Amino acid sequence: MFFNSGIFTSSTTTTATTNNTLHSLNDTSVCHPLLLAQGNKSEVGLCDDHVSARVIAAVVLMVHTCLLVVSFGGLVYKLVKLSKNQSSQKVNFLTLARNPTLIVIGCSVGYACTFVMCTRILIGRKSYPCFIFTLVYYFCIPWIAGTTLLRFIRLIVLSWLNSVKMRIGKRELLHVTEKDMLLVDAKQSTGSNMTSLSTSGFSGSQTSVASSTNTLTRGSSYSLRMEDIFKLPKDTDVAATGDMQDEDVILKKDTLLQSFEKGRLIELLRFSVSSKFIYLFYGIITFIHVSIYLIIGGIDYYNFVNGIKTSSTNSRQAFVVDTYIFSPGGCGTGSYNTNIFISFLAIYAAFGALFAIIALLMKKDIWFVKIEIGFLSLNWIFFALLYGIPSLFSQITTLVDYYFPWVMTILFGCIADLIMSCFVPVFIYQKVDRGKRDMEIELASSNNSKEDNVIRKILTNSKWNALFLQFSEKSFASEDVMMWHAVEQFKKVTSEKLRIELFLKICDTYLRIGAPLELNIPRKDFGVPEIMALYTSLRASRQLSNKGNSPTTVTLPPTTSVSVFRTEVSEKSAISPTILVAPNIFDRVQICCEHNMLDNYTRFEAIYSKQLASELNITSSR
Numbered sequence: 001m002f003f004n005s006g007i008f009t010s011s012t013t014t015t016a017t018t019n020n021t022l023h024s025l026n027d028t029s030v031c032h033p034l035l036l037a038q039g040n041k042s043e044v045g046l047c048d049d050h051v052s053a054r055v056i057a058a059v060v061l062m063v064h065t066c067l068l069v070v071s072f073g074g075l076v077y078k079l080v081k082l083s084k085n086q087s088s089q090k091v092n093f094l095t096l097a098r099n100p101t102l103i104v105i106g107c108s109v110g111y112a113c114t115f116v117m118c119t120r121i122l123i124g125r126k127s128y129p130c131f132i133f134t135l136v137y138y139f140c141i142p143w144i145a146g147t148t149l150l151r152f153i154r155l156i157v158l159s160w161l162n163s164v165k166m167r168i169g170k171r172e173l174l175h176v177t178e179k180d181m182l183l184v185d186a187k188q189s190t191g192s193n194m195t196s197l198s199t200s201g202f203s204g205s206q207t208s209v210a211s212s213t214n215t216l217t218r219g220s221s222y223s224l225r226m227e228d229i230f231k232l233p234k235d236t237d238v239a240a241t242g243d244m245q246d247e248d249v250i251l252k253k254d255t256l257l258q259s260f261e262k263g264r265l266i267e268l269l270r271f272s273v274s275s276k277f278i279y280l281f282y283g284i285i286t287f288i289h290v291s292i293y294l295i296i297g298g299i300d301y302y303n304f305v306n307g308i309k310t311s312s313t314n315s316r317q318a319f320v321v322d323t324y325i326f327s328p329g330g331c332g333t334g335s336y337n338t339n340i341f342i343s344f345l346a347i348y349a350a351f352g353a354l355f356a357i358i359a360l361l362m363k364k365d366i367w368f369v370k371i372e373i374g375f376l377s378l379n380w381i382f383f384a385l386l387y388g389i390p391s392l393f394s395q396i397t398t399l400v401d402y403y404f405p406w407v408m409t410i411l412f413g414c415i416a417d418l419i420m421s422c423f424v425p426v427f428i429y430q431k432v433d434r435g436k437r438d439m440e441i442e443l444a445s446s447n448n449s450k451e452d453n454v455i456r457k458i459l460t461n462s463k464w465n466a467l468f469l470q471f472s473e474k475s476f477a478s479e480d481v482m483m484w485h486a487v488e489q490f491k492k493v494t495s496e497k498l499r500i501e502l503f504l505k506i507c508d509t510y511l512r513i514g515a516p517l518e519l520n521i522p523r524k525d526f527g528v529p530e531i532m533a534l535y536t537s538l539r540a541s542r543q544l545s546n547k548g549n550s551p552t553t554v555t556l557p558p559t560t561s562v563s564v565f566r567t568e569v570s571e572k573s574a575i576s577p578t579i580l581v582a583p584n585i586f587d588r589v590q591i592c593c594e595h596n597m598l599d600n601y602t603r604f605e606a607i608y609s610k611q612l613a614s615e616l617n618i619t620s621s622r
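Letter 201 of the sequence shown, counting from 1, is numbered 201 in full-length UniProt numbering, and no numbers are missing.
See below:
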């Protein structure tokens with residue numbers, strides 16, 4: 001009796017196992033009945049791919065690979081070409097408003113998704129290693145969304161950085177110029193009581209200075225006021241005193257907020273648009289999601305080994321179906337993995353919406369970065385909805401997916417992202433303009449005193465200077481325009497003490513390594529080391545004076561063919577020399593700034609060509 005009972009129990013178990021096996025091979029929740037009728041079998045939550053699916057995967061992978069190779073090849077070629085032409089200082093679409101590191105990493109992670117998803121279909125979903133598929137599955141959203149977030153952040157920070165630079169440049173130049181105006185007024189009021197001989201001598205010296213300045217500027221009639229240059233208010237917060245002398249001129253010290261703005265804030269903003277920040281951002285994302293992947297994979301493996309998954313009434317209530325995440329074989333995603341995917345999407349979408357709103361409030365740039373980010377955002381919104389909404393219907397996941405892999409909608413988004421973020425900037429935006437080369441020749445040969453080059457015509461005109469400064473601000477390259485005007489103001493300063501103060505301000509603001517508005521110029525080619533040597537000497541002399549010591553000698557750099565400074569004996573002391581900075585010390589740097597403006601000018605001219613021709617007699621170079 002017991003023997004017959006044992007036989008019956010064994011037979012029942014075998015029958016149940018057979019039924020479960022048959023059910024797992026004919027699971028209609030995985031394979032549509034039409035596929036099962038064609039002889040397909042469901043295993044590990046997957047059905048067999050149709051030939052059309054493999055053909056589509058092969059075509060998509062080939063197209064994406066070709067686009068990536070061509071785009072990266074063009075990017076490398078253009079970057080090498082730009083580096084060789086560094087002396088021309090051409091501002092470009094690839095290294096200023098955009099970061100090559102972000103372009104390469106952003107396009108590479110999209111290609112990684114395409115490569116894994118397509119090879120999984122080509123090899124066979126049931127055979128493709130589960131641990132590779134799930135790793136990319138867990139990283140797909142963080143990679144793509146993280147790249148989009150970085151683009152938003154970069155645009156926002158670039159706009160903030162440019163605004164801070166504009167404030168600093170205006171403030172630093174305004175302080176010195178106001179002091180010079182007050183000093184001139186004071187001297188003029190005092191000079192009314194002087195003798196006619198003194199007046200005649202003073203006028204003669206002023207005429208000599210004016211003549212020297214005109215010669216240095218090569219004929220440029222620079223008469224713009226500070227409010228004309230930067231649209232500043234005419235009233236000042238500096239009280240004029242009628243008896244002001246050179247010794248009484250003391251520049252305003254920076255407040256704590258201004259010092260923070262010139263120091264820590266500028267450093268933080270620069271770091272946020274640097275390649276180091278991009279590496280750090282991707283590193284943090286990688287660490288977080290690798291940790292999540294390992295934790296979930298460990299839990300899933302524990303459940304699989306201990307039979308917890310097989311005892312579940314619904315095998316799809318798991319991370320992967322009928323196997324484990326670290327499996328070297330194939331696997332289909334379970335409901336838990338889908339929930340994690342949706343959670344990642346919701347978190348990154350929330351951050352993306354926040355930064356997108358802030359980015360939309362930023363000023364429009366001339367490098368098409370804001371337009372590019374807008375198109376890329378719409379691209380991902382469209383393809384995410386195209387993938388997500390149909391995936392809610394079982395006919396798509398159990399039938400259509402095996403003829404046309406529905407994940408291809410995401411891969412189409414990756415290809416479109418590559419085209420808009422790399423291919424278009426490299427092959428369409430970054431072009432060599434022949435007119436720009438003619439402009440460079442004109443700048444190099446513009447030495448006659450009768451006719452200024454076109455950039456000087458614009459910069460010395462109040463209306464067009466304001467428009468060009470706004471245009472340069474939108475191009476994230478306002479430093480050269482502001483430095484050019486700072487040099488012009490430097491040449492106009494009449495007080496030797498104020499000239500030294502403005503010299504130090506210009507070096508601190510534009511030429512010092514790590515300066516808030518540091519110029520991107522070949523330093524050795526334009527005499528910057530000699531200028532900074534004088535700057536160091538003046539700073540050292542001032543520190544000794546502040547300590548109560550009166551230095552009798554100052555170490556000076558060797559002079560060049562262009563006299564960058566001179567020393568004279570003070571009337572008060574024949575022993576202590578006073579360093580007098582020559583007005584032409586920044587001339588070579590100013591010429592370099594004009595070269596740097598060429599790229600902005602070509603686009604500026606394209607917009608205002610008719611008005612420039614009629615008002616300033618500037619003909620198009622195209």
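Ideal Cβ placement from N, Cα and C applies to all residues, glycine included. Here the structure is a predicted model, which means the values were calculated and not measured.
Asked	Found
Between which two residues does the alpha helix (DSSP H) containing T338 stretch?	S335 to L360
Around the C-beta of F260, are 16 or more other C-beta atoms found within 10 angstroms, so that it is buried, or is it exposed?	exposed
With C-beta atoms as the reference, is V30 less than 9 Å away from M408?	no
Measuring alpha carbon to alpha carbon, tell me which of Y601, K126 and V69 ends up nearest G332.	K126
For the 8 Å Cβ check, are there 3 or more pairs between the segment 499-507 and the segment 147-155?	no
Since H595 is in the alpha helix (DSSP H), which residue starts that stretch and which ends it?	D587 to N596
Looking at C-beta atoms only, is the number of pairs between the segment 98-110 and the segment 411-423 that lie closer than 8 Å three or more?	yes
Going by other Cβ atoms of all chains shown within 10 Å of its Cβ, with 16 needed for buried, is A16 buried or exposed?	Below a pLDDT of 50, predicted positions are generally treated as unreliable, and A16, at 39, falls in that range; the measurement from the model is reported next regardless. It counts as exposed.
Hey, would you say G297 sits closer than 9 Å to F326, going by beta carbons?	yes
Would you call C592 buried or exposed, if buried means 16 or more other Cβ atoms sit within 10 Å of its Cβ?	buried
Restricting to Cα atoms, I'd like to know which of L102, Y111, A58 and D49 is closest to V69.	Y111
How long is the line joining the alpha carbons of N465 and S472, rounded to whole angstroms?	10 Å
When DSSP labels each residue in this structure, what does L46 get in the three-state scheme?	strand
The alpha helix (DSSP H) that contains R120, what's its start and end?	P100 to I123
Where does L519 sit, in a helix, a strand or coil, going by DSSP?	coil
Per DSSP, V320 is paired with what?	T333
Please confirm if the segment 598-611 is in contact with the segment 507-520, defined as three or more CB-CB distances below 8 Å between the two stretches.	no
With distances taken Cα to Cα, identify the nearest neighbour of V80 among A145, G329 and V426.	V426
Within the continuous alpha helix (DSSP H) that includes Q470, where are the two ends?	S462 to K474
Between S377, Q395 and Y402, which lies nearest to F351 when the distance is taken from Cα to Cα?	S377
Does DSSP put S537 in a helix, a strand or coil?	helix
Can you have a look at L411 and say buried or exposed, based on whether 16 or more other CB atoms are within 10 angstroms of its CB?	buried
I believe L34 touches L354 by the beta-carbon criterion, under 8 Å. Please report the beta-carbon distance rounded to the nearest angstrom.	So it is not a contact: roughly 45 Å between Cβ atoms.
Quick one: give me the first and last residue of the alpha helix (DSSP H) that P33 is part of.	P33 to A37
Looking at C-alpha atoms only, which residue of A384, V76 and N337 is the closest neighbour of T101?	V76
Looking at the secondary structure, which residues open and close the alpha helix (DSSP H) in which S259 lies?	L256 to F260
So, at 6 Å on beta carbons, what are the nonlocal neighbours of Q611 in its own chain, with the 5 sequence-adjacent residues on each side left out?	none
Spatial neighbours of F423 within its chain, please: C-beta separation below 6 Å, excluding the five flanking residues on both sides.	S71
Span of the alpha helix (DSSP H) holding C66?	V51 to K84
Would DSSP call R618 helix, strand or coil?	One detail in the question is off: residue 618 reads as Ile in this sequence, not Arg. I618: coil per DSSP, three-state reduction.
Can you tell me whether V305 is buried or exposed? The criterion is at least 16 other CB atoms within 10 Å of its CB, across all chains shown.	exposed
One question on the structure: do S495 and K165 come within less than 9 Å of each other, judged by their Cβ atoms?	no
Could you tell me whether the segment 36-44 touches the segment 380-394, where touching means 3 or more Cβ pairs closer than 8 Å?	no
Could you tell me if S10 is buried or exposed, where buried requires 16 or more neighbouring beta carbons within 10 angstroms of its beta carbon?	With a pLDDT of only 43 at S10, under 50, the local geometry of the prediction cannot be trusted, and the value read off the model is given with reservation. Exposed, by the Cβ-count rule.
Measure the C-alpha to C-alpha separation of T323 and V63 and round it to an integer number of angstroms.	33 Å
From R167 to K363, what distance separates their C-alpha atoms?	16 Å
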